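Counting in our numbering, the sequence shown runs from 851 upward without gaps.
Cβ atoms here follow ideal geometry from the backbone N, Cα and C, with glycine treated the same way.
All values reported here derive from a predicted model rather than from experimental measurement.
Here is the structure we will look at, set down as structure tokens.
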Amino acid sequence: MKNICVVGLGHIGLPISGVLAEAGMNVHGVDIDEKVIDNLQGGSILIEEPGLGDLVSGVVSSGRLTAGGEPQEADVFIVAVPTPVYDDESANITYVEQAVKSILPYLNKGNAVIVESTVPPRTIQDKVAPVLEEAGWDVAANEIYLAHCPERVIPGSVMKEIKENTLIIGGYTKEAAAKVAEVYKLFLEGEIIETTAITAEMSKLMENTYRDVNIALANELAKISAELDVNAHEVIRLANVHPRVELHEPGPGVGGHCIPVDPYFVIEKAKDVSPLMQTAREINNSMPEFVLSQIEKLTKNISNPKIAVFGLSYKGDVDDVRGSPAIDVVFKLVNNKKNYKVFCHDPYVTEDQVPLRIHPLEESLEKADVALVLVDHSEYKKMDTSIFEDRMKTPVVLDMRNCLPEAKGDTRIYPIGDLSGLEVLGE
Ligand code: SAJ
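Structural data, given as structure tokens:
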């Protein structure tokens, strides 16, 4: 178990490579992106994740982590490539299939093959095992130990969770699960639970679906509260005092590459019996339009209103813009016939990530009619709210993450869950 080959050096493959190298293994990482390899060979990374950069530069300089475009022989192969969805929302597992095919020439009897990528139910049984079998390996007889170990770490806290979370190992066979457990015991402080491949696949998908459905409920509550003149944030706070209630937080939508994607993996396999999951997706997808409707209402009397947008990433304190509802909102504003002048700010996102100008915070706010908070970055959570009155034409703020400190002076901050009193500017 000394040599590990990790295919896919992204948000999951890179941290797993780092912690295995730190635990004394010889890790070889593989990626199709030359930029990723070039950077890694120089000890640097392209991902923003607290603690990851230092770990990687340490293990690269000690020689424990190497990187290249091709796999190498190893005792253990870990596949950590993306599983996006096609336009019709069905799962695209071609990267997983290609990754497994790419390791075939390097496999030896007794090797372990672990898929960490999130996959639709039955993928290990119906898609991955057959690739190995066609290459001549009897997977059921444990010539290769095949398992699915779904990654469950949360961006922003990956380095802690990768070591401390409970790990589910879904073995193609019982023996495979036990063998693969030995790999994770090299660094894992959390518990290990061994199960079947399909149970591991489904548990992972249901974790993210649970969160999606719960957020949809909170978003629906925010819309209802605007009609009923009640503060949804206070309702959530009080309901959550109950020992068996855990309402989530409303927001401008659900982003990232996991939660808005994974429910579709279940839905596609069980379309007729998953109405709740499908509706949750629809509700969460409707939120950028809901945000736009509030801006339209606020500014209906103003021509060419200037909107200062705070936050572009999919959630707070990350630079990741994949599936970001904030970007969706911005393009709805930019492409709107009302001719909004949109000035975006984000402390993490750069102009080479998005086709948008990014402005300093003060500049975005200068003479703005409305400020629109779309992401709960720490910088916004602790900002001095007197800046709105100082800089804006009208100090009116829509806080779609309910994250700002209390308003000062004449500033009015409307959180997403308390929009019933929203005034119309210029009336
Ligand atoms: N969000 C809300 N309201 C909430 C919580 C989140 O609107 O109450 C939004 C966020 O702003 C963001 C989106 O949902 O746009 C998703 O963010 P997140 O922090 O809930 O989740 P991810 O996508 O960063 O990570 C999730 C995690 N899954 C769960 O918490 C069940 C993580 O543990 C998984 O490893 C990851 O998906 C993954 O890779 O599957």
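Proximity of residue 1138 and residue 1267 at Cβ, strictly below 9 Å = no
Report yes if the C-beta distance between residue 992 and residue 1265 is below 9 Å; otherwise report no.
-> no
Just to check, is the beta-carbon of residue 1087 closer than 8 Å to a non-hydrogen atom of the ligand SAJ?
-> no
Pull up the distance between the alpha-carbon of residue 998 and that of residue 1109, whole angstroms please.
-> 19 Å
Which runs of the beta strand (DSSP E) spanning at least 3 residues fall entirely within the stretch 860-946, listed in chain order?
-> 876-880, 915-918 and 926-929
Simplified DSSP state of residue 1147, which is helix, strand or coil | helix
Report whether the distance from the Cβ of residue 1054 to the nearest heavy atom of the ligand SAJ is below 8 Å.
-> yes
Closest residue to residue 1115 among 936, 853, 940 and 893 (Cα-Cα distance) = 940
In chain order, which alpha helix (DSSP H) runs of at least 4 residues are fully inside the stretch 1017-1104?
-> 1024-1034, 1047-1078 and 1082-1089
Cβ neighbour criterion (16 or more within 10 Å) applied to residue 863 = buried
Is it a yes or a no for the stretch 1148-1163 touching the stretch 1085-1101, going by three-plus beta-carbon pairs under 8 Å?
-> no
Would you give the residue range spanned by the beta strand (DSSP E) that residue 853 belongs to?
-> 853-857
Ranges of the beta strand (DSSP E) found wholly within the stretch 1150-1194, counting only runs of at least 3 | 1156-1160
Just curious, the beta strand (DSSP E) that residue 1249 is in, first and last residue?
-> 1246-1249
Note down, in chain order, each residue of its chain lying with its Cβ closer than 8 Å to the Cβ of residue 1360, except the 5 sequence neighbours on either side.
-> No statement about residue 1360 is possible, as the shown extent of the chain runs from 851 to 1277 and does not include it.
Tell me which same chain residues have a C-beta within less than 8 Å of the C-beta of residue 1203, skipping the five on either side of it?
-> 1169 and 1171
Excluding the five sequence neighbours on either side, which residues of its own chain have a C-beta within less than 6 Å of the C-beta of residue 926, listed in chain order?
-> 854, 962 and 1033
Roughly how far, in whole angstroms, is the beta-carbon of residue 899 from the beta-carbon of residue 865, given that I think they are within contact range, below 8 Å?
-> 7 Å
On the three-state DSSP scale, how would you describe residue 811?
-> Only positions 851 to 1277 of the chain appear in this structure, which leaves residue 811 out of reach.
Is the Cβ-Cβ distance between residue 856 and residue 880 less than 9 Å?
-> yes
Measure from the alpha carbon of residue 1144 to the alpha carbon of each residue in 1038, 1125, 1179 and 1211, then state which is nearest.
-> 1179
Return yes when the Cβ of residue 1225 is within less than 9 Å of the Cβ of residue 1165, no when it is not.
-> yes
Could you pull out every residue in the same chain whose Cβ sits closer than 6 Å to the Cβ of residue 1353, ignoring the five residues on either side in sequence?
-> Because residue 1353 is not part of the residues shown, which for the chain are 851 to 1277, the question remains open.
To the nearest angstrom, report how far apart residue 1083 and residue 1066 are at their CA atoms.
-> 15 Å
Taking residue 1241 as the reference, give the member of 1229, 1259 and 1205 with the closest Cα.
-> 1259
What span of residues does the alpha helix (DSSP H) with residue 957 cover, start to end?
-> Taken as a continuous stretch (DSSP letters only), residue 957 belongs to no alpha helix (DSSP H), as it is neither H nor E.
Outcome for residue 1131 when other beta-carbon atoms lying within 10 angstroms are tallied against a minimum of 16 | buried
Under the three-state reduction of DSSP, which class applies to residue 1257: helix, strand or coil?
-> coil
Could you spell out the range, first to last residue, of the beta strand (DSSP E) harbouring residue 1221?
-> 1220-1223
Residue 1054: which of 946, 970, 979 and 1036 sits nearest, CA to CA?
-> 970
Cβ atoms of residue 1005 and residue 919: under 9 Å apart, would you say?
-> no
May I ask which residues mark the beginning and end of the alpha helix (DSSP H) holding residue 1126?
-> 1125-1135
Residue 871: which of 860, 1190, 906 and 1272 sits nearest, CA to CA?
-> 906
If you follow the beta strand (DSSP E) that residue 1005 is part of, which residue opens it and which one closes it?
-> Careful: residue 1005 lies outside any beta strand (DSSP E) and carries neither H nor E.
Strand pairing of residue 1263, partner residues [DSSP] | 1247
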